[in-house]
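Protein chains in written order, with this note's numbering: chain A, -1 to 321; chain B, -17 to 225.
Glycine residues also receive a C-beta, built at the ideal position from the N, C-alpha and C atoms.
One structure below.
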Amino acid sequence: MKPAFSVIFLTTLLGAGQGLFLALFTHQSYALFGLLPMQSDAFYGYGSALAMLFLGGGLIASFFHLGRPERAWRSATQWRTSWLSREVIVLPAFMGVVFLYGVSHLVGFRPEIVTLPSGLLIDLSAVIGTVGTLLAFALFICTGMIYACLRFLREWHSPLTVINYILMGGSSGFILAAFFSATYAPTETDFFVGWAVIITLLAFAGRVASLLRNARLKPKSTMQTAIGVKHPYIVQRSMGSMGGNFNTREFFHGKSAAFLRAIKPTFLVLAFVVPLALLALGLFSPALLGVAFILQYLGLMAERWFFFAQANHPQNLYYQTIG
Amino acid sequence: MTQLALVIDLNVCVGCHACVTSCKEWNTSGSAGPLCDENPYGLNPTGTFFNRVQTFEIGKYPNSETLHFPKSCLHCEDPPCVPVCPTGASYKRKEDGIVLVDYDKCIGCKYCTWACPYGAREFDEKQKVMKKCTLCVDRIYDMSMPEADRKPSCVKACPTSARLFGDIHDPESAVSLAIREDGGYALMPEWGTHPANHYLPRRKIKLKIHKDELERADNPLKVDGQLPKPAKGAPSMEDVSAW
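Right, dumping it as C-alpha cells:
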C-alpha cells in the first residue's frame, strides 16, 4: 500500500495524545487510592491541554486524506458497519471528554460525585477521566480495526494490529508524560518513566511478533486464482493503461525493496531501542526524555510508513506490467 | 431477487479494447459528469476507467498462449467494499444487485478500494470521488431506447459477443445457461465475495472422429465416396434392420 502522510501523522499524533491522557489519568487514579501524592490541578489540566494539541493535530491531518473534506460530516453515518465511521464518532467524543477533564481541573470544578463505602471520595474529574479512558481505548480499537478488519490485507488482518496500536500509542504518550512531568512535577517522573519502559518493552515485543508473523505469511491469492487459469507460468503483458493509473499509484509504496529493508531496522531502533536507552538515562537528565519522545516519534512515523508499505494488496496481481 | 451481471467469454475475447472505449464514451458523457483524464496526449496519460482489458501470457514460449482479460467491477453478491464505506456512498441495490457509488455522498477517503481485492474501483483525481462500473444503470432502464440497446455499453460494443449481460439468479437466462454449461467461474473465490460477474474459460473445440465415421453406412447421396462392395452372402442392412 502507498503510505499516505496524512494517515501517518493522524495515527501517530492520535496515539501520542491518547497515551498522554491515559498516563495523566493513570497517575490521578494512583493518587486517588493514595499510592502517589495527588498533583496540582494545573499538572493534569495543562497535561490535558497538551494532549488536546496532539489530538487536534491528528484531526487536522485526517482531513488531508479526504478528497472532499467538506463532506466529512457524512462519515459518521455508517457506524453500524464501518470502523472508519466509528472512529469518526469516537475521536471527537474523546476530544470532548479530554477537554472537559482539563477544564474541570483548570477551573477547579471538581464536585464530589459519590463516596465509596471505603471512604474513597470520587469527584467529577475522576468520573470524566474514567469515561475518557474508556474512549481512549475505544479510539485505539477503532483505529486498529480500520486496518485489521480488511481480510485481503493479510499483514494487517490480525489482533496484533490493534494491540500494537494500543501499545505504541501508549509508549509514545507515557514518554511524553514523563517529559511533561520532568518539567511540571519532577517528583513524579520516576512513575511515568517506569510505566513508559514497561509499555515500550511490550510494544517492542508486539511489533516484533507482528513482523515475524508477516514474514511467514503465504499469499492466499495467486495469479492463478486472479484470472482463473490453472497454469504455473502466467505473466502479465499489459495492464490496460499506458501511463499507470489509480491502481498503480494507491497500492504500491513506490520505493525500492532495499529502501523497505532499510526502514525496518531503522524504526525498530528509533521507536523502541533508542527511547528505552534514553528513558534509563532520562532518570538522571530530564532533557533526554524530550529527546526520547522526539526520536521515538520519528521512529513511529517510520514504523507507520513500513506498516503501510509492507501490506501487499491482492489487486497488485492485476497491475504488474504497464504496456 | 435479481442479480444483474456480465459473463465474459475468454474463449472469444480478442483484446480489441472496444468495450473499454465504448464504456468510456458512454460514461464520460452522462449526467454524472466526465470520467476525468490527465495528460491524455502527454507522455504519461492517465485517467479514470470503469473497464480495462489486460493481457496475460500463459506458459513459456513456444508453448504459450495469449489471454485477453477484460476486468471491471464484478458486482459481488457479498461486496466487501460496501460495509466499510463511512458515508453510505457505496451501496448495493436490492432490486438488481448493482453496486453503485453515490458521487454526491462520497468523501474520497479511498477506504473502499482497500477493501476490494480486485482493484475494481478508481479514484477520479479531478472530481475527488470514487468511481466504478455502474453496469450502465443509466442505460439498461432507459425506456426511450429501443429494447435491444438497453444493455451495458461494453456489451453492445463487443464485436465477438464475448460479453453477455443478464440476471444470474434467473436459471433460464442466457448468462445462467452460459455459466452452467460452459464452465463459468468467479475470480479469487478464496475471499468469499461471490462475484456476480463470471468468466467463461478458454476451451479447445476438439472433434473426435472415429474411423468408421469417415463414411456413413447408408451414404444416401453417394457423396462420401464408394464403399467396397459387400461380398455375396455378407450381412446387409436388410439383415440387421427392419427399416
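| Check | Outcome |
| --- | --- |
| Span of the alpha helix (DSSP H), counted from its first residue to its last, around Asp84(B) | Element bounds for Asp84(B): n/a, residue is neither H nor E. |
| Segment contact, 8 Å Cβ cut-off, at least three pairs: the stretch 18 to 33 of chain A with the stretch 125 to 138 of chain A | yes |
| Beta-carbon proximity of Val300(A) to Phe265(A), cut-off 8 Å | The displayed chain sequence assigns Ala, not Val, to residue 300(A). A contact, by the Cβ cut-off of 8 Å. |
| Cβ pair count under 8 Å reaching 3, the stretch 4 to 13 of chain B against the stretch 106 to 122 of chain B | yes |
| Coarse secondary structure for Asn26(B), derived from DSSP in three states | coil |
| Check whether Lys216(A) and Gln222(A) have beta carbons under 8 Å apart | no |
| Local Cβ density within 10 Å of Met50(A), reported as buried at 16 or more and exposed below that | buried |
| Closer than 8 Å to chain C by CB, Thr95(B) | The chain labelled as chain C is not found among the protein chains of the depicted structure, namely A and B. |
| As assigned by DSSP and simplified to three states, the class of Thr69(B) | coil |
| Contact with chain A by Asn21(B), beta-carbon distance below 8 Å | yes |
| Distance between Asn33(B) and Ala0(B) (C-alpha atoms, nearest Å) | 10 Å |
| Cβ contact check for the stretch 190 to 203 of chain A and the stretch 271 to 281 of chain A: 3 or more pairs under 8 Å | yes |
| Sufficient close CB pairs (3 or more, under 8 Å) joining the stretch 42 to 59 of chain A to the stretch 68 to 86 of chain A | no |
| Between the CA atoms of Phe249(A) and Gln36(B) - distance to the nearest angstrom | 18 Å |
| Three-way DSSP call (helix, strand, coil) for Asn33(B) in this model | strand |
| Closer than 9 Å at the beta carbon, the chain B residues around Val160(A) | Going along chain B, no residue has its Cβ under 9 Å from Val160(A), so there is no contact; the nearest lies around 16 Å. |
| Boundaries of the beta strand (DSSP E) in which Ser236(A) is found, first to last residue | 232 to 236 |
| His63(A) to Ala91(A) span [Cα, whole Å] | 21 Å |
| Backbone secondary structure at Met299(A) - three-state DSSP | helix |
| Neighbouring residues, chain B, relative to Ala70(A) (Cβ below 7 Å) | Ile89 |
| Cβ contact (3+ pairs, closer than 8 Å) linking the stretch 163 to 175 of chain A and the stretch 197 to 209 of chain A | yes |
| Residues of the stretch 74 to 87 of chain A with Cβ closer than 7 Å to any Cβ of chain B, in chain order | Thr75, Gln76, Thr79, Ser80, Leu82, Ser83, Val86 |
| Where the stretch 238 to 251 of chain A meets chain B: residues whose CB sits under 8 Å from a CB there | Gly238, Ser239, Met240, Gly241, Gly242, Asn243, Phe244, Asn245, Glu248, Phe249 |
| Where Glu68(A) falls: helix, strand or coil (DSSP) | helix |
| Run of the alpha helix (DSSP H) containing Lys253(A), from where it starts to where it stops | Looking at the DSSP string, Lys253(A) is not in any alpha helix (DSSP H), and its letter there is neither H nor E. |
| Proximity of Asn212(A) and Gln294(A) at Cβ, strictly below 8 Å | no |
| 8 Å Cβ cutoff met for Tyr167(B) and Pro183(B) | yes |
| Which residues DSSP lists as bridging Met112(B), in chain order | Phe105(B) |
| Unbroken stretches of the alpha helix (DSSP H), 4 residues or longer, contained in the stretch 140 to 196 of chain A | 157 to 182 |
| Contact with chain A by Lys53(B), beta-carbon distance below 8 Å | yes |
| Closer than 9 Å at the beta carbon, the chain B residues around Tyr295(A) | Near Tyr295(A) there are no residues of chain B at all, since even the closest Cβ is about 25 Å away, more than 9 Å. |
| Start-to-end residues for the beta strand (DSSP E) that takes in Ala278(A) | Not the beta strand (DSSP E): Ala278(A) falls in the alpha helix (DSSP H), residues 272 to 280. |
| Bridge partners - Val112(A), DSSP secondary structure assignment | Ile120(A) |
| Test item: CB-CB of Leu8(A) and Ala180(A) under 8 Å | no |
| Proximity of Val66(B) and Cys94(B) at Cβ, strictly below 8 Å | yes |
| DSSP three-state assignment for Pro52(B), whether helix, strand or coil | strand |
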